[in-house]
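Protein chains in written order, with the numbering used here: chain A, 280 to 445; chain B, 3 to 813.
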């Protein structure tokens with residue numbers, strides 16, 4: 280066991296764990312962040328996705344020591360000042376799930392996609408999302424949610440720019 | 003199909019980028035929790051949890067049940083008491099109780115819509131607790147997507163009776179006849195004098211209803227209750243028919259929802275199972291010297307061939323399970339045939355069950371007189387439930403009780419199984435269903451619930467057990483495989499005069515009830531040496547013969563498949579059990595007959611009139627026509643000439659016509675086939691679905707879309723593979739499922755009401771979605787044939803099989 284310092288959802292935390300422990304278990308069991316979840320432990324399904332420095336990564340195969348000091352965002356951290364992230368809003372509008380256990384990965388990967396490419400084509404969406412599995416196969420709705428999120432994300436960015444100017 | 007092409011690169015890049023570690027500011031975990039507003043889960047009275055619940059789904063997972071509440075009711079709340087079904091809470095909302103469960107189909111919302119209508123409440127004035135054996139009557143949990151069909155009316159009748167009692171109270175209060183009262187959103191008022199009014203909560207004033215219902219004496223799917231009051235006609239329902247959104251979706255989308263795998267109990271330990279290296283192996287010895295010194299190690303739990311390790315932390319349990327030394331003796335003979343040998347094996351193996359065929363008309367005479375005889379044989383592999391997160395449960399053994407939080411869709415069966423396994427009275431066992439991953443039938447959740455309770459009973463502390471991925475795919479109960487042979491007789495006019503079919507299923511094993519009612523039906527029970535005295539039969543079926551054919555014969559055989567217990571390929575119900583497999587055969591064969599008869603596949607189906615029974619036939623024909631119209635079906639005899647490629651397109655129909663629980667489903671798929679790679683993609687889906695009264699249109703659309711793509715996944719890419727010792731499909735690479743690449747460009751759903759009396763006030767709400775599981779397989783196979791002339795008769799219809807078919811055509 281050793282001390283590991285993390286920055287999760289804008290806050291700094293210290294945990295005393297085996298530093299090779301996958302980040303997923305620290306988030307879930309030490310920080311009570313249940314958004315990311317165990318799907319395969321092999322990096323194959325995406326259930327455990329979190330965003331580290333803007334990039335969607337698989338926390339089930341990421342030793343916690345390798346992300347010390349980096350900005351880690353989980354599903355719980357997307358909401359800002361009580362306002363849903365536009366991607367979350369689009370998900371709710373589209374009712375983009377059946378059982379919902381994969382949706383952490385779907386939302387987090389979509390968030391990372393739209394941050395990099397704010398106007399993806401349908402094929403770009405499919406390709407970017409293909410590594411995030413859904414056993415209920417609600418892919419039609421998830422892709423619909425991403426298309427709904429595109430204008431919402433753009434509007435939120437425009438609003439943020441207005442605030443800065445004001 | 004590649005499911006993880008991006009991961010290694012992403013991971014490597016991230017590691018490369020991590021050259022320096024930056025220091026945090028030393029904030030402790032406690033501060034973090036406080037600062038981020040995360041509330042530590044605390045124990046509270048179950049009643050409080052009920053009252054505070056947004057919905058059962060969030061309440062059930064809050065670990066709010068107190069252990070001191072036992073002993074629990076045996077077998078559960080009394081169905082004869084109205085109070086077992088509905089309570090009016092002090093805030094004026096109605097709490098409904100149902101022993102059904104809902105793994106994301108939106109059933110809770112649909113029930114509340116129907117029940118709110120019967121009680122004259124606004125939807126927002128309702129809540130619901132589901133699937134808690136201490137609080138809800140045994141309605142058998144989820145079962146064949148038939149909950150609305152089977153439980154909808156009893157729940158509506160209970161609410162109609164509650165309304166009657168409340169109106170009687172109001173009539174007495176205001177000294178007027180009930181007929182002089184009106185009620186809206188839980189407010190009862192005198193029609194002639196609107197100053198005289200009282201809310202439901204004022205009328206009931208915190209008391210119980212104490213009203214007795216008539217009960218049919220049955221628990222489970224068939225449980226029925228009724229009161230004096232009659233339910234409303236469909237025309238009187240106002241909330242029913244609206245697309246009320248699910249309340250759990252915003253919670254899930256923000257990480258606030260508690261799934262079964264998120265339940266935490268203070269002091270909880272973590273466990274992992276250690277599975278035998280090969281099926282049927284006998285445990286010789288355990289050497290815990292390699293794990294004893296590991297940090298956090300607690301103990302090894304063992305009974306018979308069942309082994310688990312327990313540790314303080316989850317990653318410690320995973321490590322201990324990897325490092326524990328176990329010695330096994332392999333069985334003296336092969337556990338089962340290989341998956342490649344499956345079809346020959348079932349044909350050459352003496353059946354355990356070989357009943358006389360069902361027969362109508364004179365089949366032999368019809369074949370003797372036939373102008374043309376068509377024969378085909380269809381092969382179905384084993385498939386896995388492969389739930390998205392592997393089995394997980396939490397069990398708390400304190401205070402002499404065993405409380406289990408489980409995603410098992412059949413909480414009551416699990417309770418009985420746990421009581422029997424642990425030799426505890428039912429009164430001391432409570433199973434609280436919490437939404438888990440989609441279970442699609444008898445997935446691994448039943449096994450895991452019993453395993454967790456067993457481990458907790460040995461450790462004496464609360465335990466959370468979760469399977470690893472390989473266990474979730476290699477060791478879950480399986481959808482069975484088999485062979486279907488069909489022969490059809492056509493007369494000189496191309497009419498189908500006789501069908502003769504035989505199915506052989508690899509379903510004879512020790513898994514008969516498909517629910518963990520008894521440890522005999524579970525993996526842990528069998529690993530502890532429990533056995534039925536002889537092999538049992540599973541759930542087998544024949545392709546539905548739902549066309550109007552004068553002469554029919556069908557026979558179903560069941561053969562054992564190797565190991566009779568502790569088998570990783572034991573058969574159990576998987577989403578529309580056997581319906582996906584049988585429909586693949588029957589609806590592919592109808593197209594083969596149409597081709598032989600030089601008929602258009604749609605015209606051939608309509609000519610032979612789907613389904614039996616006047617109303618079912620009318621609905622079947624209406625659904626076929628609706629699907630064809632929505633698709634823009636143009637008649638064609640024979641398949642299209644094979645184009646130059648590389649992409650060629652085709653269309654195909656699959657129709658189930660009321661095979662399960664009353665609904666009617668017809669689907670048309672338009673596919674693209676890449677004749678160079680063999681890759682098939684469905685560009686467009688059309689579904690015509692008749693479920694009678696549609697309670698929540700958007701909810702039903704959601705289920706139908708997912709159901710269709712999952713069924714397509716099962717016939718396009720999924721196959722449980724095994725050698726003679728073990729299952730070899732163990733993860734998402736070796737057991738590939740559909741991905742985002744498989745989403746169609748367009749998905750049209752048409753709701754059909756083909757009832758002969760479509761406006762009748764008692765039009766039923768039939769089952770909600772599973773009927774559509776049978777259609778995608780034949781629709782895709784028929785579309786591939788239309789596009790290429792290649793007829794695929796074995797699933798999964800992989801690119802390699804498409805290419806092999808094309809090569810065979812070219813000679």
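Backbone N, C-alpha and C fix where the C-beta goes; we use that ideal spot for every residue, glycine too.
- Contacts with chain A at 7 Å (Cβ-Cβ) include residue 749 of chain B.
- Shown here, residue 621 of chain B sits in a helix according to DSSP, grouped into three states.
- Of the candidates B:703, B:615, B:166, the residue whose Cα lies closest to the Cα of residue 181 of chain B is B:166.
- Along the segment 731-747 of chain B, the positions whose C-beta sits under 8 Å from a C-beta of chain A are 733, 734, 735, 739, 740, 741, 742, 743, 744, 745, 746, 747, read in chain order.
- Of all C-beta pairs linking the segment 169-186 of chain B to the segment 785-805 of chain B, fewer than three are shorter than 8 Å, placing the two stretches out of contact.
- In the three-state reduction of the DSSP assignment, residue 387 of chain B falls in the coil class, being assigned neither a helical nor a strand state.
- Residue 401 of chain A and residue 422 of chain A have their C-alpha atoms spaced approximately 8 Å apart.
- Counting every other CB atom within 10 Å of its CB across the protein chains shown gives residue 362 of chain B a total below 16, marking it as exposed.
- Those residues of the segment 325-346 of chain A placed with their C-beta closer than 8 Å to a C-beta in chain B are 326, 331, 332, 334, 335, 336, 337, 340, 341, 344, 345, 346, ordered along the chain.
- By the neighbour-count criterion, in which a residue is buried when 16 or more other Cβ atoms sit within 10 angstroms of its Cβ, residue 354 of chain A is buried.
- Here residue 749 of chain B is bridged, per DSSP, to B:687.
- If you draw a straight line from the Cα of residue 716 of chain B to the Cα of residue 666 of chain B, it comes to about 21 Å.
- Residue B:676 holds the alpha-carbon nearest to the alpha-carbon of residue 804 of chain B among B:774, B:698, B:676, B:769.
- Spatial neighbours of residue 304 of chain B in its own chain (CB-CB distance under 7 Å, excluding positions within 5 residues in sequence) are listed in chain order as 288.
- In summary, residue 777 of chain B is buried, with 16 or more beta-carbon neighbours lying within 10 Å of its beta-carbon over all protein chains present.
- Chain B has no Cβ within less than 7 Å of the Cβ of residue 350 of chain A.
- When only Cα atoms are considered, residue 752 of chain B and residue 774 of chain B end up about 13 Å apart.
- When the five nearest sequence neighbours on each side are left out, the beta carbons in the same chain lying within less than 7 Å of the beta carbon of residue 333 of chain B are those of 282, 283, in order along the chain.
- Close CB contacts of residue 203 of chain B within its chain, under the 8 Å cut and outside five residues either way in sequence, are with 90, 91, 92, 93, 94, 188 (chain order).
- Take the alpha-carbon of residue 372 of chain B and the one of residue 502 of chain B: they are about 13 Å apart.
- Per DSSP, reduced to three states, the secondary structure at residue 765 of chain B is coil, with no helix or strand assignment.
- Relative to the Cα of residue 299 of chain A, the nearest Cα in the group B:118, B:320, B:231 belongs to B:320.
- Flagged as an interface residue toward chain B: residue 408 of chain A, by a C-beta distance shorter than 7 Å.
- Annotated three-state conformation of residue 775 of chain B is helix, per DSSP.
- For residue 321 of chain A, a Cβ of chain B is located within less than 7 Å of the residue's own Cβ.
- Inclusion of residue 562 of chain B and residue 537 of chain B in the CB contact set at 7 Å is warranted, their separation being smaller than that value.
- DSSP links residue 380 of chain B through a beta bridge to B:486.
- Excluding five sequence positions before and after residue 464 of chain B, the CB atoms of its chain that fall closer than 8 Å to its own CB belong to 267, 268, 269, 270, 271, 396, 397, 398, 399, 400, 458, given in chain order.
- One thing to note: residue 620 of chain B has its Cβ no nearer than 7 Å to the Cβ of residue 474 of chain B.
- Pairing residue 72 of chain B with residue 425 of chain B, the inter-Cα distance amounts to about 17 Å.
- In the structure shown, residue 432 of chain A falls within a helical segment according to DSSP collapsed to helix, strand and coil.
- Among the residues facing chain A, residue 208 of chain B is not included, as its CB has no counterpart in that chain under 7 Å away.
- For the C-beta of residue 280 of chain A, the chain B residues within less than 8 Å are, from N- to C-terminus, 297.
- Contact check between the segment 319-337 of chain A and the segment 380-398 of chain A: three or more CB pairs, one atom from each, fall below 8 Å, which counts as touching.
- Residue 312 of chain B and residue 295 of chain A have their C-alpha atoms roughly 20 Å apart.
- In terms of beta-carbon proximity, residue 382 of chain A lines the interface with chain B, with at least one pair separated by less than 7 Å.
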